[in-house]
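In full-length UniProt numbering, the protein residues as written are 1 to 278. Inspection log for the structure reproduced underneath, given as structure tokens.
Here it is in structure tokens:
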């Protein structure tokens, strides 16, 4: 087993608030990350180095700090690119910019990175991606290795901020996948001991409202974003959604008030309770 490498991050809270403007750098990395809440956009323009080239994510976070919508773009002049989006795009409430020393990112690499990031976001099935088209740009094979390396770094930084970028299904063994089939509703999920993720492709029982209003609101939001769609009379989840508890997940899926420790079972029919609390 290879030993994990420690990583050191430096973070600056520019207005002294934990949820304000912040910049993040990793030791020896030539890229700086800027997290900018939309209301603080003009304030962020005063930060030195914030006009460098790179890519950015515009995100719409819900109350639980989870991304529900996302748009990816490239910028040749850093934060000034966001002025256009401030006028023309309503959905976002935070921007996350990954800007590099101009020598590090050639313009070709920025274009390659933008395309790669859009494809990865669409593949993740975690949120509605607002990019309607993937750039036609061809990523040079020599650039691809560097693009993948930079994207790994982006994914790591995003994870430190609480944002998951990978596809939940890609890392799963079939044995880890749980299901519920109450009232013929087929839904799938996975539990890591802390969060329960309901996987894309799960069916949602919209005929039965959930006991707690927040799950009904969450359902309505996902329908309006076309992240729950009607397919032959069944309502199918098109993104992966995570919950703090197994019961929150089963209430969202099945409606009513349920006990997720009993509702979710593995392929052998063992309940989550038997698997985790035995």
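Glycine is no exception: its CB is placed at the ideal position from the N, C-alpha and C atoms. Keep in mind the model is a prediction, meaning the values are calculated, not measured.
| Item | Value |
| --- | --- |
| Just to confirm, is the Cβ distance from residue 128 to residue 38 under 8 Å? | no |
| Report the option in 146, 141, 115 and 144 whose CA atom is closest to the CA atom of residue 131. | 115 |
| Using the three-state DSSP reduction, which class does residue 225 fall into: helix, strand or coil? | coil |
| Within the same chain, show all residues whose beta-carbon is closer than 7 Å to that of residue 218, passing over the 5 residues directly before and after it, in chain order. | 252 |
| Please classify residue 17: does DSSP put it in a helix, a strand, or coil? | coil |
| Going by DSSP, what residue range makes up the alpha helix (DSSP H) through residue 157? | 141 to 160 |
| Given a cut-off of 8 Å, decide if residue 236 and residue 203 are closer than it, judged by their beta-carbon atoms. | yes |
| Can you tell me whether residue 144 is buried or exposed? The criterion is at least 16 other CB atoms within 10 Å of its CB, across all chains shown. | exposed |
| Kindly identify the DSSP beta-bridge partner or partners of residue 230. | 235 |
| How about residue 124: is its C-beta nearer than 8 Å to some C-beta of chain B? | Among the chains of the structure shown, chain B does not appear; only one protein chain is present. |
| Output the residue ranges of the beta strand (DSSP E) runs that lie fully inside the stretch 171 to 202 and measure 3 residues or longer, sorted by chain position. | 178 to 180, 187 to 191 and 196 to 198 |
| How many angstroms separate the CA atom of residue 27 from the CA atom of residue 6? | 11 Å |
| Would the stretch 240 to 260 and the stretch 176 to 194 be scored as touching if the rule is three or more Cβ pairs under 8 Å? | yes |
| Tell me whether the beta-carbon of residue 196 lies closer than 8 Å to the beta-carbon of residue 245. | yes |
| Would you grab the beta carbon distance between residue 111 and residue 155 for me? Rounded to a whole angstrom, and I think it's under 8 Å. | The Cβ separation is near 19 Å, so there is no contact. |
| Within the chosen definition, does the stretch 27 to 36 reach the stretch 98 to 106 through at least 3 CB pairs nearer than 8 Å? | yes |
| Give a yes or no on whether the C-beta atoms belonging to residue 56 and residue 97 are separated by under 8 Å. | yes |
| Counting along the chain, where does the beta strand (DSSP E) carrying residue 73 start and finish? | 67 to 75 |
| Which term fits residue 231, buried or exposed, when burial requires 16 or more other beta carbons within 10 angstroms of its beta carbon? | exposed |
| Apply the 10 Å Cβ neighbour rule to residue 226 and answer buried if 16 or more other Cβ atoms are within range, or exposed otherwise. | exposed |
| For residue 10, which of 23, 90 and 163 has the nearest alpha-carbon? | 23 |
| Could you check what DSSP says for residue 204 in three-state terms: helix, strand or coil? | strand |
| Residue 100 by DSSP, collapsed to three states: which one? | strand |
| Within this structure, are the beta carbons of residue 60 and residue 91 separated by less than 8 Å? | yes |
| Given a threshold of 16 other Cβ atoms within 10 Å of its Cβ, counted over all protein chains shown, does residue 267 qualify as buried or as exposed? | exposed |
| Counting only the same chain and skipping the five closest in sequence on each side, list residues whose C-beta sits under 8 Å from that of residue 147. | 109, 112, 113, 116 and 139 |
| Work out the CA separation of residue 77 and residue 50 for me, nearest whole Å. | 8 Å |
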